[in-house]
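Novice: Residue numbers for the sequence shown follow our numbering, so the first one is 8 and each next one is one higher.
Heads up, the beta-carbon is just placed ideally off N, CA and C, and yes, glycines get one too.
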Amino acid sequence: MATAIMKQKEVPEMDDVEEIISKISEDSPYKRRPTQKRTWMTVPEMGKLLGTTRSSVYAILDNPKYALYYL
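1. Quick one: using the 10 Å Cβ neighbour count with 16 as the cut-off for buried, is Val24 buried or exposed?
2. Can you tell me the Cβ-Cβ gap for Lys38 and Ser32, rounded? I've got them flagged as a contact below 8 Å.
3. Does Val2 pass the burial test, meaning 16 or more other C-beta atoms within 10 Å, or should it be called exposed?
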């Protein structure tokens, strides 16, 4: 009667696993970039800050007098 002998796979130690994970994560194209400080503001946010309506904010932005304050 033939019995199948299964070869046991060698289980890697935890240090090896952590090293593999860190190597994969540092080479990954999907890694997260550090967050950057926001340098812009939406029109509704500006309206809330100034206490005006969105239409008034657009009027301010269209005024050439204030063109130096935004890009």
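Specialist: Working from what's here:
1. exposed
2. 6 Å
3. Outside the displayed range of the chain (8 to 78) lies residue 2, so it cannot be described from this structure.
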